[in-house]
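So the sequence shown is numbered by numbering that gives the first Met the number 0: it starts at 0 and just counts up by one. All C-beta atoms, glycine included, are put in the ideal place defined by N, C-alpha and C. Owing to the predicted nature of the structure, the values given are computational and were not obtained by experimental measurement. Input: a single structure, listed below in structure tokens.
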Amino acid sequence: MKQTMETNKNDSYYMKNKETELMEMNAEALSTKKKNERFLEALKTLSDQDPQSFSEIAPELLQRCAYYWRGSDPFFSTKLNSWLSYDMMWKPFGEIIPDDANFSKRIESDAFDIKMYSGSTKALLESLQNRFPDDFNQWDASIRNQFIILGMIAMGREKGEYQGALVHRLGLGSGDVRIKGSNVIRAAKIALARLAKDNGADLFSPASGHGVERVHKISSAKLAETIERFVLSHSASVLLPPPRSL
């Protein structure tokens, strides 16, 4: 009986200790959250009071935070630098954060086999092979633009790709040239959509948004992944930005 009472006392002691630890952890988490809210308020105030100075120090602050969080991650560093340089004008910061630290390498050419597909998808892929011969150095500008545009939109999968990113990748990213970029994208999509239609496939979903924030998507996530595999197995994949995990 005495031993049972001692055991109960010990259980009670450990339970109280566990509860105390949980309360302390919750309090610390709340304290950190509260402090971060105050820090963000302070940074917002500083950015309003002296926008020029803030815009000069903000990139370094973001890079240091990213380093503490991700460590030495060259893939994320590249995406962050791209975002700081130009992508921020059309892409929310949250969209550059990877699911994990490792991005897939471009897939080997023998990892993609059209024989695995059938019907309109296979017919479309065969037409794309004819449209984009292996020696991309012989392509004219319109074919090169079509490959980049198709590849980037497919690599965006269900989220698609921003027009600003496409225009920048095409080297048409500022001033009046940006208007030319939107026309190039429109012409390329029309040509590719016709190619797909001739093979009984719908290639693109209707675009949404305006200007650099306009989003272009493949008609389905499954088709986007298939085309992504096709473009990443192509020798011209060097024209595309780094891929995400397949």
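Can you give me the Cβ contacts of residue i inside the same chain, cut-off strictly under 6 Å, excluding the 5 residues immediately before and after it?
{"i": "residue 174", "result": "Note that residue 174 scores a pLDDT of 49, beneath 50, so its modelled location is shaky and nothing firm can be said."}
{"i": "residue 68", "result": "none"}
{"i": "residue 108", "result": "Confidence is the limiting factor: at residue 108 the pLDDT is only 48, short of 50, which leaves the residue's position unreliable and the question unanswerable from this model."}
{"i": "residue 223", "result": "153, 156 and 217"}
{"i": "residue 215", "result": "152, 159, 160 and 206"}
{"i": "residue 104", "result": "Confidence at residue 104 is low in this model, with a pLDDT of 44, below 50, so the placement of that residue is unreliable and no value is reported for it."}
{"i": "residue 131", "result": "146"}
{"i": "residue 58", "result": "83"}
{"i": "residue 53", "result": "45 and 46"}
{"i": "residue 38", "result": "none"}
{"i": "residue 136", "result": "none"}
Start and end of the alpha helix (DSSP H) containing residue i?
{"i": "residue 229", "result": "220–232"}
{"i": "residue 165", "result": "162–168"}
Can you list, in chain order, the residues of its chain with a C-beta nearer than 8 Å to that of residue i? Leave out the 5 residues immediately preceding and following it.
{"i": "residue 230", "result": "146, 149, 150, 153, 154, 236 and 239"}
{"i": "residue 77", "result": "241"}
Return the Cβ separation of residue i and residue j in integer angstroms, given the expectation that the two are a contact with Cβ distance under 8 Å.
{"i": "residue 126", "j": "residue 198", "result": "5 Å"}
{"i": "residue 234", "j": "residue 112", "result": "Incorrect: roughly 16 Å between the Cβ atoms, too far for contact."}
{"i": "residue 211", "j": "residue 88", "result": "6 Å"}
{"i": "residue 191", "j": "residue 179", "result": "Residue 191 to residue 179, Cβ: 19 Å. No contact."}
{"i": "residue 183", "j": "residue 194", "result": "At roughly 17 Å, the Cβ-Cβ gap does not stay under 8 Å, so residue 183 and residue 194 are not in contact."}
Can you name, in chain order, every residue of its own chain whose Cβ lies under 7 Å from the Cβ of residue i, other than the five neighbours on each side?
{"i": "residue 92", "result": "82"}
{"i": "residue 62", "result": "79"}
{"i": "residue 226", "result": "149, 153 and 217"}
{"i": "residue 202", "result": "191, 192, 195, 217 and 218"}
Is the stretch 200–217 in contact with the stretch 158–166, if contact means three or more CB pairs nearer than 8 Å?
Note that the stretch 200–217 touches the stretch 158–166; at least 3 beta-carbon pairs, one per stretch, sit closer than 8 Å.
What are the complete alpha helix (DSSP H) segments, minimum 4 residues, inside the stretch 73–160?
73–84, 118–130 and 140–154
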